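J.:
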Amino acid sequence: MDSSKLFQGIVIAVILVSALLIGVKTHNLSENTIAILTLLDFCVTIFFVIEITIRFLAYPDKKQFFRSGWNIFDTVIVIGSLIPVGGSGVLLARLLRVFRVLRLVSMVPELRLLINALLKAIPRMGYIALLMFVIFYIYAAMGSMFFHQINEVLWGNVSISMLTLFRVATFEDWTDVMYETMEIYPLSWIYYLSFIFLTAFVFLNMMVGTVLEVMSQEHENYRAEQHGETGDGGEPASRAQIEKLEIELAEIKRLLLNK
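Using my numbering, the letters of the sequence shown correspond one by one to residues 46 to 304.
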């Protein structure tokens, strides 16, 4: 039942209903409506408890259930949903109910694939982020040295200069900053354009390329797993598949000899 498409579809539908309940509660509602929503929220919580119990019982080896990070995440969210919305734990209870929407990720394989790829890409992106920080720091130091007399608010020190460069990198009215310094230093446009070229184009594309590479590997591993293949060589993953191929080849050979 845990692996059935119908069961997964029902769970996804309930998660979406839970998300809608969270959104509806942010509006000004009558007491009767609030009472109905509270009852529905209670029903959703009970459903999640039953659902996680079924998934746990479906595992022959119960320890195997907790070896999956997604199962641990779902269990924590479901247990947290049992906290009553009231008293000193009202904020924690509301936050955990908001996080129930994230269970949609654990239920949809494609979303799990995206999250796993993103997590695996973080270490690689860390080196790119470190290099970006070095570039930011160098340009911030240069900007503070040259432009601090023009505008102390934007270029007063290295820290403020880095915030200004972040504004430039996100294209938030960056031309106003550039035109202000160009009144004193006409060639300062080279400073801004070179910085934007490095950060917004080169490093951003490196980030995207890293994520795409990891996602491609994850998709290939997922495809190999779905087809019963190994992720590295594409060989059959089980002896049963090899024996099946040998039987088919023997049958073809027998037919050819009979002719």
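Heads up, the beta-carbon is just placed ideally off N, CA and C, and yes, glycines get one too. Just so we're clear, the structure is a prediction, and the values are computed from it rather than from any experiment.
Taking 8 Å as the threshold, find out whether the stretch 165-179 comes into contact with the stretch 141-154 through three or more Cβ pairs.
T.: The stretch 165-179 is not in contact with the stretch 141-154.
J.: Which whole-angstrom value describes the C-beta separation of Gly188 and Thr215, a residue pair presumed to lie in contact below a C-beta threshold of 8 Å?
T.: The sequence position of residue 188 within the sequence shown is 143, counting from 1. The sequence position of residue 215 within the sequence shown is 170, counting from 1. In fact, because the Cβ distance is near 16 Å, the residues do not count as touching under 8 Å.
J.: Between Met177, Val203 and Ile124, which lies nearest to Ile241 when the distance is taken from Cα to Cα?
T.: As a working mapping, residue 241 is identified with position 196 in the sequence shown. Ranking Met177, Val203 and Ile124 by Cα distance to Ile241 puts Met177 first.
J.: Met207 and Phe191 - do their beta-carbons sit closer together than 8 Å?
T.: If you number the sequence shown from 1, residue 191 lands on position 146. If you number the sequence shown from 1, residue 207 lands on position 162. The answer is no: Cβ separation not under 8 Å.
J.: Are the beta-carbon atoms belonging to Val89 and Val62 less than 8 Å from one another?
T.: Position 44 of the sequence shown holds residue 89. Position 17 of the sequence shown holds residue 62. Against a cut-off of 8 Å, the Cβ pair of Val62 and Val89 comes out as a contact.
J.: Confirm, please, whether the CB-CB distance from Met223 to Ser239 is below 8 Å.
T.: Here residue 239 is taken as the residue at index 194 of the sequence shown, counted from 1. Here residue 223 is taken as the residue at index 178 of the sequence shown, counted from 1. Going by C-beta atoms, Ser239 is not nearer than 8 Å to Met223.
J.: Hey, quick one: how far does the alpha helix (DSSP H) through Ser189 stretch, first residue to last?
T.: Translated into the one-based positions of the sequence shown, residue 189 becomes position 144. Pro154 to Phe192 is the span of the alpha helix (DSSP H), which, as asked, contains Ser189.
J.: Do you know whose CA, among Val121, Val143 and Asn250, lies nearest Thr71's CA?
T.: Numbered from its first residue, the sequence shown carries residue 71 at position 26. Among Val121, Val143 and Asn250, the Cα nearest to that of Thr71 is on Val143.
J.: Note down, in chain order, each residue of its chain lying with its Cβ closer than 7 Å to the Cβ of Ala166, except the 5 sequence neighbours on either side.
T.: In the sequence shown, residue 166 corresponds to position 121, counting from 1. Excluding positions up to five away in sequence, the list reads Thr255, Val256 and Val259.
J.: Would you give the residue range spanned by the alpha helix (DSSP H) that Leu127 belongs to?
T.: Taking the first residue of the sequence shown as position 1, residue 127 is located at position 82. Counting along the chain, Leu127 falls outside any alpha helix (DSSP H), and DSSP gives it neither H nor E.
J.: For Ala64, which of helix, strand or coil comes out of DSSP?
T.: For the purposes of this step, residue 64 is taken as residue 19 along the sequence shown, with counting starting at 1. In the structure shown, Ala64 sits in a helix (DSSP, three-state: H, G or I).
J.: DSSP on Thr83, reduced to helix/strand/coil?
T.: In the sequence shown, the residue the question calls residue 83 occupies position 38. Thr83: helix per DSSP, three-state reduction.
J.: Judging by CA-CA distance, which residue of Leu249, Ile124 and Ile97 is the nearest neighbour of Gln53?
T.: Working through the sequence shown from its first residue, we reach residue 53 at position 8. Selected option, being the one with the closest Cα: Ile97.
J.: Span of the alpha helix (DSSP H) holding Val203?
T.: For the purposes of this step, residue 203 is taken as the residue at position 158 of the sequence shown. Start and end: Val203 to Ala214.
J.: Secondary structure at Thr120, three-state DSSP: helix, strand or coil?
T.: The residue given as residue 120 occupies position 75 in the sequence shown. It is helical.
J.: When DSSP labels each residue in this structure, what does Arg112 get in the three-state scheme?
T.: Taking the first residue of the sequence shown as position 1, residue 112 is located at position 67. The answer is coil: DSSP assigns Arg112 none of H, G, I, E or B.
J.: Can you tell me where the alpha helix (DSSP H) with Leu199 in it begins and where it stops?
T.: On the sequence shown, residue 199 is found 154 positions in, with the first residue counted as 1. From DSSP, the alpha helix (DSSP H) with Leu199 extends over Glu197 to Trp200.
J.: Let me know if Gly279 comes out buried or exposed under the rule of 16 or more other beta-carbons within 10 Å of its beta-carbon.
T.: Your numbering for residue 279 matches position 234 in the sequence shown. Note on Gly279: pLDDT 47, under 50, position unreliable in the model; the coordinate value appears next. It is exposed - the Cβ of Gly279 has fewer than 16 other Cβ atoms within 10 Å.
J.: Go to Tyr236, then tell me how far its alpha helix (DSSP H) extends in each direction, as first and last residue.
T.: Residue numbering aside, residue 236 sits at position 191 when the sequence shown is read from its first letter. Start and end: Trp234 to Ile241.
J.: Looking at the unbroken alpha helix (DSSP H) that takes in Asp221, where does it start and where does it end?
T.: Here residue 221 corresponds to residue number 176 of the sequence shown, with the count starting at 1. Element bounds for Asp221: Trp219 to Met227.
J.: Have a look at Ser261 and Leu163 and give me their C-alpha separation to the nearest angstrom.
T.: Along the sequence shown, one-based indexing puts residue 261 at 216. Along the sequence shown, one-based indexing puts residue 163 at 118. Whole-angstrom Cα-Cα distance: 11 Å.
J.: For the 8 Å Cβ check, are there 3 or more pairs between the stretch 225-232 and the stretch 193-205?
T.: Contact holds: three or more Cβ-Cβ distances are below 8 Å.
J.: Determine the DSSP secondary structure at Ala103, reduced to helix, strand or coil.
T.: As a working note, residue 103 is residue 58 in the sequence shown. Looking at Ala103 - three-state DSSP - the assignment turns out to be coil, as it is neither helix nor strand.
J.: Could you name the residues of the same chain whose beta carbon sits closer than 7 Å to that of Tyr104, not counting the 5 residues immediately before and after it, in chain order?
T.: Within the sequence shown, residue 104 is the residue found at index 59, counting from 1. Phe110.
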